[in-house]
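Notes follow the structure.
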Amino acid sequence: MKKYFIAVAALALLAACSGKKTTEPVIIEEESVAVAESVPDAPALPVISDAKAKVNKTDKAAKPVNMRDSLKVDPKKGSVIQKKYKGTFPAADGPGIDYDLVLFYQQDSDDGVYEMDATYLEAEDGQNQTFSSTGKRKVKKGTPSNSEAIVYELIPSDGTMTYYFLAEGDSLTLLTQDLQKAASGLNYTLMLVQ
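Numbering (our numbering), first residue to last: 59 to 252.
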């Protein structure tokens, strides 16, 4: 009797499992995002986190990371090069923004790291306010107007907006996110000082 009951149960289970399978339709949701198109008059100056703000240029705090030491050095690629650039960019709400940019990279490498201080002159109650940014430097080739141009892409470690600089001899010119120079004709150039 037990064998008969087990055989009937097994046949019932097999019949239930071998029936037609039904599938329900899957609903896929789409998200659309509207993007405003505009032609920038000047490069957008990346917003650097307020958490890294320092008041007064002479009151410099230690950098969050020593970027030169964070550079991965390959003995086959030559010595480490350090280049320092300085310049003052126009600002909408003050006399300007002083930029100090230091690049570290190996002689035969397109990759590297950077440190940058942006000092907003007379930013808050007549006091200068300095913001620091550190991250990776990559070399890209070409812009929409010049396929041979060398562009430095500076990618901040904190995930804020990427900087693009056109390398021209001993100067770097800030570009828009579309790799274009400012249409305003204002000076967005840093000069090599070291």
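Here a beta-carbon is modelled for each residue, glycine too, at the ideal position from N, C-alpha and C.
- Excluding residues up to 5 positions away in sequence, Lys144, Asp175 lie with their Cβ nearer than 6 Å to the Cβ of Asp158 in the same chain.
- Residue state for Pro153 is assigned as strand, using DSSP reduced to three classes.
- Around Gln140, the same chain offers Arg126, Val160, Leu161, Phe162, Gln252 as residues with beta carbons nearer than 8 Å, after the five sequence neighbours per side are excluded.
- Glu173 counts as buried, since at least 16 other C-beta atoms from the protein chains shown sit within 10 angstroms of its C-beta.
- Using a Cβ distance threshold of 8 Å, Lys196 and Glu211 count as a contacting pair.
- Separation of Ala241 and Val171 (C-alpha to C-alpha, rounded to the nearest whole angstrom) is 29 Å.
- Taken atom to atom, the span from the alpha-carbon of Thr247 to that of Ser203 is near 18 Å.
- At the C-beta level, Thr201 and Thr188 stay beyond 8 Å of one another.
- Non-local beta-carbon contacts of Gln165 in its own chain, meaning distances under 7 Å to residues more than five positions away in sequence, involve Lys135, Gly136, Ser137, Ile139 in chain order.
- Assigned with DSSP and collapsed to three states, Pro133 falls in helix.
- Separation of the CB atoms of Asp236 and Met249 is rounded to 24 Å, and the pair is thereby denied contact status at 8 Å.
- C-alpha of Ala207 to C-alpha of Asp151: approximately 32 Å in a straight line.
- Pairing Leu224 with Lys239, the inter-Cα distance amounts to about 9 Å.
- Residue pairing by DSSP places Pro214 opposite Gly193 in a beta bridge.
- About 7 Å separates the CB atoms of Leu233 and Val209; that is less than 8 Å, so the two are in contact.
- In summary, Gly193 is buried, with 16 or more beta-carbon neighbours lying within 10 Å of its beta-carbon over all protein chains present.
- Annotated three-state conformation of Ala207 is strand, per DSSP.
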